[in-house]
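Just remember that my numbering sits 15 ahead of the position in the first sequence, which is counted from 1. Beta carbons: idealized from backbone N, C-alpha and C, even for Gly. Model, not experiment: these values are computed from the prediction.
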Amino acid sequence: MWIVIPRHMLTPALPVTKPTAEDLLIWYDRHRRDLPWRAKPGETANPYRVWISEIMLQQTTVTAVKPFYLRFLDRFPTVEALAQAQEDSVMQAWAGLGYYSRARNLHACAKAVVDRHGGHFPPTEAELLKLPGIGAYTAAAVAAIAFNEKAAAVDGNVERVMSRVFMIEDPLPKAKPLIRSLTEDIVPADRPGDFAQAVMDLGATICTPKRPACALCPWMIPCQARATGLQEAFPKKLKKETGQLRKGAAFVVLRADDSILLRTRPPKGLLGGMAEPPTSAWEPDYQPSQAVLDAPIDARWQRLPGVVRHVFTHFPLELTVLFAKVPKGTPAPDDMRWTPRMQLHEEALPGAMKKVLVHALGEIPVPKTDKSASEP
DNA sequence: GAACCGTGGCC
DNA sequence: TGGCCAAGGTT
16 MWIVIPRHML TPALPVTKPT AEDLLIWYDR HRRDLPWRAK PGETANPYRV WISEIMLQQT
76 TVTAVKPFYL RFLDRFPTVE ALAQAQEDSV MQAWAGLGYY SRARNLHACA KAVVDRHGGH
136 FPPTEAELLK LPGIGAYTAA AVAAIAFNEK AAAVDGNVER VMSRVFMIED PLPKAKPLIR
196 SLTEDIVPAD RPGDFAQAVM DLGATICTPK RPACALCPWM IPCQARATGL QEAFPKKLKK
256 ETGQLRKGAA FVVLRADDSI LLRTRPPKGL LGGMAEPPTS AWEPDYQPSQ AVLDAPIDAR
316 WQRLPGVVRH VFTHFPLELT VLFAKVPKGT PAPDDMRWTP RMQLHEEALP GAMKKVLVHA
376 LGEIPVPKTD KSASEP
């Protein structure tokens, strides 16, 4: 006769060990990424560079940021240089990176650091949080990385790692307070900045959104999601729907002196403060066949074949491009201007609007970068 | 809390 | 190819 013994009486419950900063930092010291804005081991981090990198890296990949960061630092080497710069030149340096309110806030923040703090970033999370463009995450990250303050920088990487290690069932963003609390309990007093960067490196190279490399993870043992093979099911997220397609027309005017009609968008909202060829309103039921009625100038308009498609965060856009040539001396309508084709590269043109110009004119000329020209 | 706010890469 | 994703902040 068989006596059936439940499995839970045969094997003890799996011991749940806590993830420790020590285990993570041992891994980090061996595998840390070498990034342009990052201090070498033993070096002191430069708050200005850390800050620039943190703003650029918001919702943006390291690969995309690198060239922008290097160019930006070359152009604005110090917070004073950035504070003194023209707004236009800051927007132009940011063109192509996206989320353009970051650039405007960045400029405002540089001015505030110079005016209110004598050109030195305040060294505490609470003071950093008061500056424009610096929210909860960035304040903690700069405080920890640049000033060694024991602050918990909770970003997307931390959320993913913690969701898995603690197998948090609540979806984001509901789980954020719990994740913050769990993270604060782990941040070490001696190396808070390295801890923050270590979780980012872990999230970028091991605990990735898809196919995490758990076998290489310093937190494999304490990870509850890994223990049950469910690591890819975390973090739980509410999925958001894509917006409705909007349509519109863009008007590319080529004047006989080889200049293009442009305007600057309003400072706030979508593509705020960026340059563009004039366009119609963008609406779901826009009729491209009637586009000429929205033209900024009286001319012989030519509707170009095809459309320019672009996907913004919350809606896709389809622009029909109308093209016209006008004589030399044609004046620009109010609030518009003529930019020589060879100077288009100096305009703060977002990606969507570059697509429009390329559709109508072909590639935008980019001058060869000549470093010797900017040196004595 | 939810909406708004870009872009490029990946599978 | 289209949906997902990336070191969020502001309103």
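What is the rounded straight-line gap between the Cα of residue i and the Cα of residue j?
i, j, result
"G344", "M368", "25 Å"
"I379", "Q305", "28 Å"
"V373", "A211", "41 Å"
"T35", "R48", "20 Å"
"Q99", "A190", "41 Å"
"Y84", "A125", "16 Å"
"P348", "P311", "7 Å"
"G377", "Y114", "26 Å"
"G148", "A228", "34 Å"
"F162", "N61", "9 Å"
"Q317", "H325", "22 Å"
"T153", "R315", "51 Å"
"P27", "R226", "Note that P27 scores 45 on pLDDT, short of 50, meaning its location in the model is unreliable and no value can be drawn from it."
"M16", "R45", "Only weak support is given to the placement of M16: the predicted model assigns it a pLDDT of 37, under 50, and the question is left unresolved by the model."
"P207", "V65", "14 Å"
"G57", "D209", "11 Å"
"D272", "V371", "20 Å"
"E69", "A156", "8 Å"
"V31", "D205", "25 Å"
"T223", "G171", "11 Å"
"M71", "Q101", "19 Å"
"V129", "L146", "12 Å"
"G111", "G258", "22 Å"
"P188", "G150", "16 Å"
"L231", "F181", "18 Å"
"A123", "G284", "17 Å"
"T328", "W353", "30 Å"
"P303", "D313", "17 Å"
Please state whether the Cβ-Cβ distance between residue i and residue j is less than 8 Å.
i, j, result
"V307", "A375", "no"
"I183", "P250", "yes"
"R261", "E291", "no"
"L319", "V336", "yes"
"V105", "L88", "no"
"L276", "M351", "yes"
"T139", "A158", "yes"
"G288", "R90", "no"
"D38", "P203", "no"
"L334", "T294", "yes"
"A363", "D103", "yes"
"P134", "V94", "Reading the sequence as shown, one finds Gly at residue 134 and not Pro. Contact flag set, yes."
"P331", "S274", "no"
"A264", "D309", "yes"
"L144", "F136", "no"
"A213", "Y43", "yes"
"P365", "L245", "no"
"P346", "K252", "no"
"R86", "A108", "yes"
May I ask which residues mark the beginning and end of the beta strand (DSSP E) holding residue i?
i, result
"A339", "P331 to V341"
"H325", "V323 to V326"
"I275", "S274 to T279"
Can you name the start and end residues of the alpha helix (DSSP H) that residue i belongs to?
i, result
"G263", "Note, G263: premise wrong, no alpha helix (DSSP H); beta strand (DSSP E) at R261 to R270."
"M182", "Segment: none, M182 is in no alpha helix (DSSP H) and carries neither H nor E."
"R352", "Note, R352: premise wrong, no alpha helix (DSSP H); beta strand (DSSP E) at M351 to P355."
"Q107", "E102 to W109"
"E142", "E140 to L143"
"V371", "G366 to L376"
"A158", "A151 to F162"
Problem set entry | Three CB pairs or more closer than 8 Å across the stretch 163-180 and the stretch 192-209 | Counting Cβ pairs under 8 Å, three or more are found: they touch.
For this session: Tell me, please, whether the stretch 227-245 touches the stretch 172-179 by the rule of three or more beta-carbon pairs shorter than 8 Å.
Result: Here the stretch 227-245 lies against the stretch 172-179, with 3 or more beta-carbon pairs under 8 Å apart.
For this session: List in chain order: all unbroken alpha helix (DSSP H) runs of 4+ residues lying wholly within the stretch 193-272.
Result: Inside the stretch 193-272, DSSP marks whole alpha helix (DSSP H) runs of 4 or more residues at positions 207-220 and 239-242, from first to last along the chain.
Exercise. Which runs of the alpha helix (DSSP H), 4 residues or longer, sit entirely within the stretch 35-118?
Worked result: Uninterrupted alpha helix (DSSP H) stretches at least 4 residues long and entirely within the stretch 35-118 occur at 36-46, 62-71, 77-90, 94-99 and 102-109, given in chain order.
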